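In this note's numbering, the protein residues as written are -14 to 288. All C-beta atoms in this analysis are idealised placements derived from N, C-alpha and C, irrespective of residue type, glycine included. This structure is a prediction, so every number in the text was calculated from the model and none was measured. Report on one structure; see the data block that follows.
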């Protein structure tokens, strides 16, 4: 048993419609790639984080359709092309895709990640390289945050350098819950994680249970009800993106207890000044560290 990939180069305006048509005419899956990938003409499709293009296509797009090996791929392409009004069937090439153990292949791409001085993020199918380290068992999943992204690393390194022993911690935009778990394993007395995505809350709760961390996770509205604005935290960490961080400046800064700390990431180095300016009326923030063009901003309220 195997599959065939049908590779078709088309103009931007036909990429999405042809992809949809191929799915309707029998393709198992379809992806769109930059036909100029690896050349001087290659262009990034996604620029500013959080900003999506109007079309998931390039000027010269490569549509790749996966189909059963015994399908009439010529008929598949012809039918799809005709259904979107193309006057001629586009040229294409095919390549074989052999059957593999896809689970094992995927798992092989994720190894334990060493962060800071003594933190390891370890997928469930690996043993921890150092059992005496701060070990988080965490599999790649739907919720953001496995320690591989620079912004997550920066926040984890800040928490390690400023261990919240006996303190309260709010992780706003918790994703997988990784920062909340780091805080708890570093001795935080109380940890709350908040996210707008119900799936993230579910994933974070599962991860906390797996890692034996007592953490409360909630959506924003239930959190606000259970913890009114008068409820402050010794440490507030938010790893989101610059635009929502600026909008949430009064709320996030207002959650910091006197003498407490605020840590923000998801901010590009070139955005640091404008994000800090949004928080200036409430708390003075400065760049704590930078990694691969991303920064973590941190500051303390007066005691």
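| Item | Value |
| --- | --- |
| First and last residue of the uninterrupted beta strand (DSSP E) at residue 201 | 201 to 203 |
| Boundaries (first-last residue) of the alpha helix (DSSP H) holding residue 191 | 183 to 195 |
| Of the listed residues 178, 256, 199 and 189, nearest to residue 209 (C-alpha basis) | 178 |
| Residue 278 classed as buried or exposed, judged by whether at least 16 other C-beta atoms fall within 10 angstroms | exposed |
| Segment limits, beta strand (DSSP E) that includes residue 264 | Run containing residue 264: none in the beta strand (DSSP E); it sits in the alpha helix (DSSP H), 257 to 264. |
| Segment contact, 8 angstroms Cβ cut-off, at least three pairs: the stretch 95 to 103 with the stretch 243 to 251 | no |
| At least 3 beta-carbon pairs within less than 8 angstroms: the stretch 69 to 82 vs the stretch 7 to 16 | no |
| Nearest to residue 196 (by Cα), restricted to the options 63, 165, 257 and 9 | 165 |
| Straight-line Cα distance separating residue 194 from residue 176 | 14 angstroms |
| Proximal residues to residue 275 (C-beta, below 7 angstroms), its chain only, five neighbours per side dropped | 254 |
| Check whether residue 267 and residue 234 have beta carbons under 8 angstroms apart | yes |
| Residue nearest to residue 20 in terms of C-alpha spacing, selected from 2, 270 and 49 | 49 |
| Residues near residue -5 by beta carbon distance below 7 angstroms, same chain, minus five either side | 3, 46, 48 and 75 |
| Among 9, -7, 173 and 71, the one whose alpha carbon lies nearest that of residue 145 | 173 |
| Pair within 8 angstroms by beta-carbon distance, residue 328 and residue 219 | Given that the chain is displayed from residue -14 to residue 288, the structure contains no residue 328 and the question cannot be resolved. |
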